[in-house]
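Numbering (UniProt numbering), first residue to last: 1 to 184.
Cβ atoms here follow ideal geometry from the backbone N, Cα and C, with glycine treated the same way.
Everything below concerns the one structure shown next.
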């Protein structure tokens with residue numbers, strides 16, 4: 001497969017060299033820096049050099065290549081302008097583990113109250129700062145938190161809500177759209 005004098009590249013490493021000998025199942029390669037290294041055959045790739053320029057140019061029309069080089073291709077793209085507020089989505093994770101360092105000693109009632117207070121505070125913040133969208137991550141569970149969240153969101157004017165993107169958040173998230181009043 002390899003002959004003495006073949007130029008080879010080493011796989012998974014950034015250097016090459018010339019085959020100078022063989023030792024059992026390995027190939028001895030002299031690197032460009034003059035080091036002698038041994039590699040297994042499957043670690044080397046033989047450099048394929050084609051000195052025959054005609055074989056390359058015959059499959060390509062030189063005039064066509066020169067014409068393409070002279071005329072730069074025009075790139076067309078449409079860039080949408082988005083404000084930073086439109087790009088930003090406030091994500092609020094209502095899982096109790098994200099809200100307190102330790103839930104020990106908290107009843108289910110206390111946990112639900114803390115989660116709802118956090119949701120209300122974050123929603124008020126988003127409305128006040130004119131954010132167009134908020135995502136509340138509530139998880140699937142038994143659906144108590146989601147039902148309370150739906151009840152809370154239903155009391156607000158100027159917002160709409162739906163289940164969030166399934167691919168991004170799974171089943172346990174609600175997406176809230178805040179309709180902006182331009183008179184504010």
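Identity of the residue in the options nearest residue i by Cα
i: residue 169; options: 132, 153, 140; result: 140
i: residue 149; options: 94, 166, 25, 110; result: 94
i: residue 177; options: 33, 157, 19, 171; result: 157
i: residue 144; options: 111, 159, 166; result: 111
i: residue 33; options: 17, 105, 45; result: 17
i: residue 108; options: 133, 142, 12, 130; result: 142
Where residue i falls: helix, strand or coil (DSSP)
i: residue 130; result: coil
i: residue 162; result: strand
i: residue 156; result: coil
i: residue 110; result: helix
i: residue 88; result: coil
i: residue 168; result: helix
i: residue 14; result: coil
i: residue 144; result: helix
i: residue 178; result: strand
i: residue 151; result: helix
i: residue 117; result: helix
Residue j beta carbon less than 9 Å from that of residue i
i: residue 91; j: residue 137; result: yes
i: residue 47; j: residue 6; result: yes
i: residue 159; j: residue 114; result: no
i: residue 132; j: residue 167; result: no
In DSSP terms, what residue i is bridged to
i: residue 39; result: 27
i: residue 44; result: 10
i: residue 22; result: 27
i: residue 173; result: 137
i: residue 93; result: 137
Contacts around residue i, its chain only, beta-carbon distance under 8 Å, and the 5 residues preceding and following it disregarded
i: residue 174; result: 135, 136, 138, 146, 149, 150, 153, 161, 162, 163, 164
i: residue 28; result: 19, 20, 21, 22, 36, 37, 38
Sequence-distant residues of its chain with Cβ nearer than 7 Å to residue i (five each side left out)
i: residue 14; result: none
i: residue 4; result: 19, 20, 21
i: residue 26; result: 38, 39, 40
Chain-order list of residues whose beta-carbon lies under 6 Å from that of residue i (same chain, five-residue window excluded)
i: residue 116; result: 148
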